[in-house]
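Asker: In the working numbering, the protein residues as written are 112 to 438.
Below: one structure in structure tokens.
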């Protein structure tokens with residue numbers, strides 16, 4: 112079993128919101144032999160180094176599109192957290208091939224390079240937008256998820272294992288609606304796409320902690336999905352600026368009213384646990400005795416028509432709770 116303590120860990124897209132939070136968690140909670148931040152922006156690496164500095168932390172400039180550079184960075188690495196992606200929906204619609212090169216071909220590069228360099232575990236970050244995608248970004252992440260699950264078929268017995276973590280919108284991440292709302296609230300109006308719109312919502316700390324847990328639990332091929340609250344976009348706007356008027360502008364191209372993390376078509380492969388769901392691969396070689404047991408908990412099969420969506424969730428943030436989370 113691969114432990115975080117004593118391992119060498121590489122985080123692609125490590126200068127992003129999640130990457131910085133996760134690297135900080137690793138260095139504060141564990142004793143990894145080495146943590147490598149792999150990203151393509153030298154300025155972001157410089158700025159991150161001013162905030163997070165540690166004798167076991169390395170900054171490595173590279174792009175997941177460049178497989179040769181990836182292989183060099185992966186030398187001696189035990190665990191990879193793949194967080195690099197092009198994520199902005201409008202930018203992906205306007206520049207589709209660039210999004211495909213990073214999110215799809217970059218995923219293939221990660222898979223091949225990790226198998227060839229003997230990485231033990233690879234955990235890829237996904238998004239609720241990968242389920243029944245309506246935009247190119249979501250479609251590339253669906254393709255990426257499929258590649259990582261299938262990567263286990265390419266790996267030799269005892270070789271690299273691949274799994275996926277899928278979660279929703281992250282409070283305060285770069286490009287999220289919160290900084291945008293805080294800026295436009297000066298006008299006295301907040302744009303609302305649709306008053307019915309809902310989203311899954313979690314904090315960076317929760318996201319990093321769930322990835323940490325999934326590293327420990329993964330056997331290869333699973334999609335790990337945390338149970339997290341939903342929120343209404345109108346409640347979020349009220350939490351940020353209760354004095355502002357709401358201006359309805361209509362749903363933008365590629366947007367959905369509600370997001371999905373477990374589609375009904377995947378219900379037959381889904382197990383429910385106290386704090387998360389796991390979509391198991393259709394084929395695995397874990398052995399029948401412990402196939403559904405994670406951390407001593409036996410998962411329950413979900414109903415045939417089960418779907419985990421942001422509008423049918425049983426846990427919700429109201430405006431006051433959102434205000435506390437944002438603060």
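Note that CB positions come from ideal geometry on N, CA and C, so glycine has one too.
Terminal residues of the continuous alpha helix (DSSP H) containing residue 205?
Answerer: Segment 200-205, the alpha helix (DSSP H) holding residue 205.
Asker: Compare the C-alpha of residue 137 against each of 364, 293, 217 and 190 and name the closest.
Answerer: That would be 190, whose Cα lies nearest to the Cα of residue 137.
Asker: Would you report the Cα separation of residue 437 and residue 117, rounded to the nearest angstrom?
Answerer: The straight-line gap from Cα to Cα measures roughly 35 Å.
Asker: Within 10 angstroms of the Cβ of residue 474, are there 16 or more other Cβ atoms? Answer buried if so, exposed if not.
Answerer: In the structure as shown, the chain begins at 112 and stops at 438. Residue 474 is therefore absent and cannot be evaluated.
Asker: Taking residue 325 as part of the alpha helix (DSSP H), name the residues at either end of that continuous run.
Answerer: Residue 325 -> alpha helix (DSSP H) spans 315-328.
Asker: For the beta strand (DSSP E) holding residue 337, just list the boundary residues, first then last.
Answerer: Here the beta strand (DSSP E) through residue 337 covers 334-337.
Asker: Is it buried or exposed, residue 265, if we count other Cβ atoms within 10 angstroms and call 16 or more buried?
Answerer: Exposed: under 16 other Cβ atoms inside 10 Å.
Asker: Which full runs of the beta strand (DSSP E) of 3+ residues lie inside the stretch 353-431, going along the chain?
Answerer: Listed in chain order, they are 356-359, 371-373, 381-383 and 387-390.
Asker: Quick one: using the 10 Å Cβ neighbour count with 16 as the cut-off for buried, is residue 129 buried or exposed?
Answerer: Result: buried.
Asker: Using the C-alpha atoms, what's the distance from residue 322 back to residue 337?
Answerer: Roughly 10 Å separates the two Cα atoms.
Asker: With respect to the alpha helix (DSSP H) encompassing residue 260, which residues constitute its N-terminal and C-terminal limits?
Answerer: Start and end: 247-265.
Asker: Would you give the residue range spanned by the beta strand (DSSP E) that residue 342 belongs to?
Answerer: Here the beta strand (DSSP E) through residue 342 covers 341-343.
Asker: Of all the options 242, 140 and 122, which has the alpha carbon lying nearest to the alpha carbon of residue 172?
Answerer: Among 242, 140 and 122, the Cα nearest to that of residue 172 belongs to 122.
Asker: So who's on the other strand from residue 310, going by DSSP bridges?
Answerer: Answer is 342.
Asker: At the level of alpha carbons, what is the spacing between residue 114 and residue 165?
Answerer: If you take the alpha carbons of residue 114 and residue 165, they lie about 20 Å apart.
Asker: To the nearest angstrom, report how far apart residue 343 and residue 311 are at their CA atoms.
Answerer: Whole-angstrom Cα-Cα distance: 9 Å.
Asker: On the premise that residue 348 lies in contact with residue 357, defined as a C-beta separation below 8 Å, what is that separation, rounded to the nearest angstrom?
Answerer: Right, the Cβ-Cβ distance comes to about 6 Å (below 8 Å), so this counts as a contact.
Asker: Any beta carbon from chain D within less than 8 Å of residue 262's own beta carbon?
Answerer: Annotation note: the requested chain D is absent from the structure, which comprises a single protein chain.
Asker: Mark residue 392 as exposed unless 16 or more other C-beta atoms lie within 10 angstroms of its C-beta, in which case mark it buried.
Answerer: Flag for residue 392 reads buried.
Asker: What does the alpha-carbon distance come out to for the pair residue 295 and residue 289?
Answerer: Taking the straight line from one Cα to the other gives about 10 Å.
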